[in-house]
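Protein chains in written order, with the working numbering: chain V, 398 to 528; chain F, 398 to 528.
Working notes for the structure below.
There are 2 protein chains.
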Amino acid sequence: MTLLEDYVELIADLLKEHGEARTTDIARILGVTHPTATKTIARLRREGLAVSRPYRGVFLTEAGIALADRVRRRHRLVVELLIAVGVPQESAEADAEGIEHHVSDVTLSAFERYLKKSAAGGRSLGATGKP
Amino acid sequence: MTLLEDYVELIADLLKEHGEARTTDIARILGVTHPTATKTIARLRREGLAVSRPYRGVFLTEAGIALADRVRRRHRLVVELLIAVGVPQESAEADAEGIEHHVSDVTLSAFERYLKKSAAGGRSLGATGKP
DNA sequence: TTCGAAATATAGCCAAAGCTACATTTTCGT
DNA sequence: ACGAAAATGTAGCTTTGGCTATATTTCGAA
Ligand SMILES: [Mn+2]
Ligand SMILES: [Mn+2]
Ligand SMILES: [Mn+2]
Ligand SMILES: [Mn+2]
């Protein structure tokens, strides 16, 4: 289940890394068929998050860029939190993809505080191996 | 977004507490309209998780009960984990409702280990107030 | 330059989770 | 016992995220 937010995040990445974001690449990377990607891109346009012309790539609007930034930050914090409490990296990456979309701002702030604390003195908890 | 799993969990609770699970109560508690609840209950029947006869209540099959148990346990662990890392209780309860559906078994095991550890010696991290 | 491959577009279908509107059946109070 | 209120059922619509099949356009290699 790839949400609209994930498209925005990926498109921002592709634009930064390759200067372009093509439908085929988006579909392949997200593991969906290209009509599915096309339809979602149409929604991005409708909602003012992206612009695109037929047979040319997709580009983000200011609003799209802002959303991508927020989504990416939240994604990273969720992965880090999961790893910090001892979730194996692979599971953390996989589960974060779903979990991230249900993390409120309040919860995200708590994650940030926790990560700051555990980066400092929290040596006894989390992904430090077997007891 | 109330998933099938949440219906099963709630129906199990209602059956345990009141001996019956009525469509109206299910709908009211989940905050959906009754046709939505009815439709989901039909899916529960189709998938062998519940039985029901017109105008009588809903009951869970063995499979339904088993699912309810797993879902409830996972729900509780997610809430506890969130609280343990410092998420305010209200946000923990609210966000867990969405997060729970994306927590794999591996991640859930990690949550369990973490909670066991932090119950023992992890006094410096989590919901212990301001530093 | 041209033709085949790759990319893109479009049409039409599905399931889950939601809604409103309306019909029917139970239940309950008088 | 009866009628109104409550509960339940049903029809039909929406959105999001999927799919397959088919048409069209663009691109690249010979
Ligand atoms: Mn995601
Ligand atoms: Mn993500
Ligand atoms: Mn839930
Ligand atoms: Mn739940």
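Every residue, glycine too, gets a C-beta built ideally from N, C-alpha and C.
Between serine 501(F) and chain V, the shortest Cβ-Cβ separation is below 8 Å.
For glycine 483(V), the chain F residues whose Cβ falls inside 7 Å of its Cβ are Ala507, Arg510, Tyr511, in order along the chain. Using a Cβ-Cβ cut-off of 9 Å, aspartate 403(V) is close to nothing in chain F; its nearest Cβ partner there is about 13 Å away. Cβ-Cβ separation between aspartate 492(F) and leucine 512(F): approximately 17 Å, too far for a contact (criterion under 8 Å). Relative to ligand 1, the beta carbon of histidine 498(V) is positioned inside 7 Å of a heavy atom. According to the DSSP secondary-structure assignment, alanine 447(V) is paired through a beta bridge with Leu457(V).
In the structure shown, the three-state DSSP call for glycine 495(V) is helix.
The distance from the Cβ of isoleucine 496(F) to that of histidine 472(V) is about 14 Å, inconsistent with a contact at the 8 Å cut-off. In chain order, Ser501 make up the part of chain F whose C-beta sits under 8 Å from the C-beta of alanine 491(V).
By the rule that beta-carbons nearer than 8 Å mark a contact, leucine 479(V) touches chain F.
Of the candidates Leu446(F), His415(F), Gly416(F), Arg467(F), Arg467(F) places its Cα closest to the Cα of serine 501(F). One Cα belongs to serine 449(V), the other to aspartate 410(V), and the distance between them is close to 17 Å. Glutamate 444(F) and arginine 425(F) have their C-alpha atoms roughly 23 Å apart.
Arginine 425(V): member of the alpha helix (DSSP H) spanning 420-427, first to last residue.
Judged by their CB atoms, alanine 463(F) and serine 515(F) are not nearer to each other than the 8 Å cut-off. CA-to-CA, the gap between aspartate 422(F) and valine 455(F) works out to about 11 Å.
Separation of valine 429(F) and serine 488(V) (C-alpha to C-alpha, rounded to the nearest whole angstrom) is 33 Å. Proximity to glutamate 459(V) across Val475(V), Tyr452(V), Arg442(V) peaks at Arg442(V), based on C-alpha coordinates. When 8 Å is used as the limit between beta carbons, threonine 504(V) is near these residues of chain F: Leu479, Val484, Ser488, Ala489, Asp492, in chain order.
Rounded to whole angstroms, the gap between the alpha carbons of phenylalanine 508(V) and valine 475(F) is 14 Å.
Residue state for threonine 437(V) is assigned as helix, using DSSP reduced to three classes. Histidine 431(V) and glycine 461(V) have their C-alpha atoms spaced approximately 21 Å apart.
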